[in-house]
Amino acid sequence: IAAFELATSVSKLTGKACFQLKEKSDYMPLLAAAHEMMRTAAIMCDEAREIEKYNDTVIRKPHNSKQQLLTKKGLYDKET
């Protein structure tokens, strides 16, 4: 949830930086901050995914030969 909220707030910063501020000295720090916020959100997502993989709780959505989506939780579970 934290990564999602962080990523969502990036659009507010970049919107202000790109469309409201005119001076480079005003908008560049906002763009740099937004870039770092998105990078942090991506790192948080990667860490959460690694935890899920370690616990074998990642929900996987493979498809079958008829292109129907299947669902499985464990890596070696049978698709349903």
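Going left to right, the sequence shown walks through residues 15 to 94 as this note's numbering numbers them. Glycine included, every Cβ here is placed at the ideal spot set by N, Cα and C.
- Burial state of L84 is exposed, judged by a 10 Å Cβ sphere holding fewer than 16 other Cβ atoms.
- For D70, no alpha helix (DSSP H) segment is defined, and its DSSP state is neither H nor E.
- Per DSSP, the beta-bridge partners of K86 are R74.
- Judged by their CB atoms, M51 and L35 are not nearer to each other than the 9 Å cut-off.
- L44 sits close to A31, with the two beta carbons spaced by under 9 Å.
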